[in-house]
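Okay, structure first, notes after.
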Amino acid sequence: MRSVCGQAELDELLAEREKINAKLQGILDAQTDPWGIKVITVEVKHIDLPQEMQRAMARQAEAERERRAKIINAEGEYQAAQRLAEASAMISTHPVALQLRYLQTLTEMAAENNSTTIFPLPVDLLSPFLSPPAKSSEEEPPGQA
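The structure is reproduced here in structure tokens:
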């Protein structure tokens, strides 16, 4: 039994007990058949591990859980970024969608019980102020009079 368990890796011993049990069953059958004895079942129920090995396995399992959590988190962020890109593309092609989103935002803000509410101005109202003033041909450059 020790030789069979010693040939397998620790992960295999813990995860694939059925294979180990079948291997032990085959070895025992080969030894007991000449005597007319049939072993019906062989089962590894418990494996005693040194404390150091148990700690190493716990660290490995924790690292694996952290790896999976990071992958799931990254996939979620990727999907969220895709959805934001799709929404941005839709809003940029349909100006009415931007106005609808603006009204939805105002509705959400009104539902909150805040004492201060800031109403953002639509960008199209500010566009005349953001563009540089047009120069007229009648104006003289400064310093020439």
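Mapped onto numbering that gives the first Met the number 0, the consecutive letters of the sequence shown carry residue numbers 0 to 144.
Beta carbons: idealized from backbone N, C-alpha and C, even for Gly.
The model shown is predicted, which means the values in this text are computed figures rather than measured ones.
By the criterion of at least three beta-carbon pairs nearer than 8 Å, the region 8-21 is in contact with the region 42-51.
For the pair isoleucine 90 and arginine 82, the CB atoms are not nearer than the 9 Å cut-off.
Under the 10 Å beta carbon count, isoleucine 36 is surrounded by fewer than 16 other beta carbons and is classified as exposed. Contact between valine 3 and lysine 22 is confirmed by a C-beta separation of about 6 Å, below the 8 Å threshold. Close CB contacts of isoleucine 39 within its chain, under the 7 Å cut and outside five residues either way in sequence, are absent.
According to the DSSP assignment, proline 94 belongs to the alpha helix (DSSP H) that extends over 94-110.
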